[in-house]
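In terms of my numbering, the sequence shown is residues 154 to 335.
Think of the CB as a built atom: it goes at the ideal place given N, C-alpha and C, for glycine as much as any other residue.
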Amino acid sequence: MNGAACLCDERPRDGIEPEPRPHLLDPASLPDHIDHLFRAAWALCGSRDEAEDLVQETFVNVLKRPRWLRNRDEIGYLLRALRNTYNSRYRSAAQRPRERQLLESDLLERQDSEISSREIMEAIADAPPQYRDAVIAVDLVGLSYREAARSLRTRESTITTRLHRGRQYVARALLRESPAGV
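Below, the structure is given as structure tokens:
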């Protein structure tokens, strides 16, 4: 029996892992993810206050009823819930906030060669949605390309492309905003 397969072998023959059993999202684990969700929300909204409201609204939606997850990727599920809450909020208002005003005091305090985190978040928020989501997932939340692909329900190679284009978009936006094009 040199090449014969053992019938008692429970590993999948085609190399595909069996899907894990669904498990219930533990509400006690939500505070562990609040920092990641806040950074993602801030990038989506471009405003700290709106980001706080969006995270709270997402938690309210998630906690309304028990949530069954197909895998152990809680942060991926919560990021999708955050994005869906964001989309629902602005779809119902029939607009997406595009105007971001910087306070005059912020402009006076800023040095010419310095780019503030607010400007970076605004540039990310203004990026096209598919690029913005990739930049948020990888650069702000810290997901791996594989985790980001699973969270955004796309291929890893697509994440790589969208991330590259999203970073280019943000860089161009920041160069346009800088006083001397630095």
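Residue burial classification, residue i (beta-carbon count within 10 angstroms, cutoff 16)
i	result
G229	buried
W221	exposed
G199	buried
V213	exposed
S304	buried
D286	buried
Run of the alpha helix (DSSP H) containing residue i, from where it starts to where it stops
i	result
G199	Run containing G199: none; DSSP gives neither H nor E here.
A287	282-288
S270	270-279
Reduced DSSP secondary structure (H/G/I, E/B, other) of residue i
i	result
L296	coil
L216	helix
L231	helix
L327	helix
L177	strand
T211	helix
D226	coil
T314	helix
Identity of the residues DSSP links to residue i by a beta bridge
i	result
W221	L177
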